Amino acid sequence: MKKISLIIPCYNEQEALPIFYKEVTSILKSISFDYELLFVNDGSKDNTLQILRNLTKEDDHVKYFSFSRNFGKEAAMYAGFKNASGNYVAVMDADMQDPPSLLPQMLNILEQGEYDSVATRRVNRDGEPIIRSWFARRFYKLINKISDADIVDGARDFRLMKREMVDAICAMGEYNRFSKGIFGWIGFRTYWLPYENTERVAGETKWNFWKLFKYAIDGIINFSQAPLSVASWGGMTMTMCAFISLIVIVVRKIIFGDPVAGWASTISVVIFIGGIQLFCFGIMGQYVAKLYLESKHRPHYILSETNASDVGMLG
Ligand code: UDP
Ligand code: MG
Numbered sequence: 001m002k003k004i005s006l007i008i009p010c011y012n013e014q015e016a017l018p019i020f021y022k023e024v025t026s027i028l029k030s031i032s033f034d035y036e037l038l039f040v041n042d043g044s045k046d047n048t049l050q051i052l053r054n055l056t057k058e059d060d061h062v063k064y065f066s067f068s069r070n071f072g073k074e075a076a077m078y079a080g081f082k083n084a085s086g087n088y089v090a091v092m093d094a095d096m097q098d099p100p101s102l103l104p105q106m107l108n109i110l111e112q113g114e115y116d117s118v119a120t121r122r123v124n125r126d127g128e129p130i131i132r133s134w135f136a137r138r139f140y141k142l143i144n145k146i147s148d149a150d151i152v153d154g155a156r157d158f159r160l161m162k163r164e165m166v167d168a169i170c171a172m173g174e175y176n177r178f179s180k181g182i183f184g185w186i187g188f189r190t191y192w193l194p195y196e197n198t199e200r201v202a203g204e205t206k207w208n209f210w211k212l213f214k215y216a217i218d219g220i221i222n223f224s225q226a227p228l229s230v231a232s233w234g235g236m237t238m239t240m241c242a243f244i245s246l247i248v249i250v251v252r253k254i255i256f257g258d259p260v261a262g263w264a265s266t267i268s269v270v271i272f273i274g275g276i277q278l279f280c281f282g283i284m285g286q287y288v289a290k291l292y293l294e295s296k297h298r299p300h301y302i303l304s305e306t307n308a309s310d311v312g313m314l315g
């Protein structure tokens, strides 16, 4: 019998977890597949771990992997992918924003064999601040233009994938992970399933505008070298302009004998160029910082507790 693995990253999800578990179990029981639920406790500070321990006592479909601290959703997903044994694997949020009711339909599409993965995208952004939606849309336009990562606007991390895809994802062992980009970068045939956005059932979102903004910048730096070219092209244009104005000043001096004037404008130009230089250094710094972290080869996560056997505690 074919098996489905569901990966559920959990960070402070004590209210949502019982609701999620009940709903997803009733759906998985109704289809003719074996299944496992891989809960990754990402250093929760509430009772999430206790709830997971209790679930394993009642249900042997449940496995949990508990991190030694909060490593972030990307690390949690990676831990799930590395330990999933199913023929089909999906990542799902614990807050019911990825509706488990879509699973049978997604399985159906994969079983027909034409696609390697079924990904979900929300068609509306109801309940989200307008400014956040605006930035999100700009981000998707930009990253598709300047990188190989094919990312659809409104794409969620919720997607059901075949084994081959999961193996490809595990093979991408980079430290700075941006899964939306990784899913697109590895290729394969993906079916996009649109659905209406739903609000979280319980608990609170872990994202604010500033965190999302940093996430977007990380996505761009991880999947594109375009900012580096912008820095060098900008520098080149500035040099050209400076050169031309130099010639103009010299010629004007020779022909008209202008006295020196414009102390203020000189200072503004110096400051302006200084600013641009620092900005470009900053861009380079971002890449160097990523390189620095990558070169340390630190583990993506550290497990402190799990009920699964044969699992490496570092990954
Ligand atoms: N999450 C996690 N580690 C974190 C932050 C979030 O594992 O550091 C999990 C969280 O428990 C949830 C999923 O990632 O299952 C999505 O988080 P959230 O619902 O806060 O994000 P949103 O849906 O608001 O984008
Ligand atoms: Mg959510």
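The sequence shown maps to residues 1 to 315 in the UniProt record's numbering.
Glycine residues also receive a C-beta, built at the ideal position from the N, C-alpha and C atoms.
Please read all numbers here as calculations on a predicted model, not as lab measurements.
Item to check | Local Cβ density within 10 Å of residue 164, reported as buried at 16 or more and exposed below that | outcome: exposed
Next on the checklist: Does the distance between the C-beta of residue 125 and the nearest non-hydrogen atom of the ligand UDP fall short of 7 Å?
Outcome noted: no
Item to check | Inter-residue spacing [alpha-carbon to alpha-carbon] between residue 58 and residue 182 | outcome: Distance between residue 58 and residue 182, taken at the CA atoms: about 35 Å.
Checklist entry - The beta strand (DSSP E) spanning residue 196 covers which residue range? => result Per DSSP, residue 196 belongs to no beta strand (DSSP E) and is neither H nor E.
Item to check | Cβ-based neighbour list, residue 89, same chain, cut-off 6 Å, excluding 5 preceding and 5 following | outcome: 5, 161 and 166
Checklist entry - Mapping DSSP to helix, strand and coil, what is residue 318? => result Here the chain covers residues 1 to 315 and nothing more, so residue 318 does not appear.
Checklist entry - residue 11: beta carbon under 7 Å from a heavy atom of the ligand UDP? => result yes
Item to check | CB contact flag (residue 175, residue 298, <8 Å) | outcome: yes
Next on the checklist: In the DSSP assignment, the alpha helix (DSSP H) including residue 33 goes from what residue to what residue?
Outcome noted: It is not in any alpha helix (DSSP H) - residue 33 carries neither H nor E in the DSSP assignment.
Item to check | Beta-carbon proximity list for residue 92, same chain, < 6 Å, skipping 5 on both sides | outcome: 6, 8, 98 and 158
Next on the checklist: Spatial neighbours of residue 189 within its chain, please: C-beta separation below 8 Å, excluding the five flanking residues on both sides.
Outcome noted: 114, 115, 116 and 117
Item to check | Validate contact between the stretch 130-138 and the stretch 219-237 using beta carbons, cut 8 Å, 3 pairs | outcome: Contact fails between the stretch 130-138 and the stretch 219-237, because fewer than three Cβ pairs, one in each stretch, are under 8 Å apart.
Next on the checklist: Assuming residue 51 and residue 104 are in contact, meaning their beta carbons sit under 8 Å apart, how far apart are those beta carbons, in whole angstroms?
Outcome noted: The pair is not a contact, with the Cβ atoms about 26 Å apart (cut-off 8 Å).
Item to check | heavy atom of the ligand COA below 7 Å from residue 205 C-beta | outcome: Inclusion of the ligand COA in the displayed structure is not the case, the ligand content consisting of the ligand UDP and the ligand MG alone.
Next on the checklist: the ligand MG and residue 200: does the residue's C-beta get closer than 7 Å to at least one heavy atom of that ligand?
Outcome noted: Correct: residue 200 has its Cβ closer than 7 Å to the ligand MG.
Next on the checklist: Given a cut-off of 8 Å on the beta-carbon distance, is the pair residue 106 and residue 20 in contact?
Outcome noted: no
Item to check | Enclosing beta strand (DSSP E) for residue 322 [first to last residue] | outcome: The shown model of the chain, from 1 to 315, leaves out residue 322, and the question about it has no answer.
Next on the checklist: If you reduce the DSSP assignment to three classes, tell me which class residue 134 lands in.
Outcome noted: helix
Checklist entry - Can you tell me the Cα-Cα spacing of residue 153 and residue 201, whole angstroms? => result 23 Å
Checklist entry - Any Cβ of chain C within less than 8 Å of the Cβ of residue 19? => result Among the chains in the structure shown there is no chain C, since it carries only a single protein chain.
Next on the checklist: Please return the same chain residues whose Cβ sits closer than 7 Å to the Cβ of residue 82, not counting the five positions on each side in sequence.
Outcome noted: 170 and 315
Checklist entry - Cβ of residue 167 versus every heavy atom of the ligand MG: is any distance shorter than 7 Å? => result For the ligand MG, not one heavy atom lies less than 7 Å from the Cβ of residue 167.
Next on the checklist: Is residue 116 close to the ligand UDP? I mean its beta-carbon at under 7 Å from any heavy atom of the ligand.
Outcome noted: In this structure, residue 116 has its CB at a distance of at least 7 Å from all heavy atoms of the ligand UDP.
Checklist entry - Between residue 3 and residue 85, is the Cβ-Cβ spacing less than 8 Å? => result yes
Checklist entry - Start and end of the alpha helix (DSSP H) containing residue 122? => result Here residue 122 belongs to no alpha helix (DSSP H); instead the beta strand (DSSP E) covers 117-122.
Item to check | Per-residue burial, residue 301 [other beta carbons within 10 Å of its own, 16 or more giving buried] | outcome: buried
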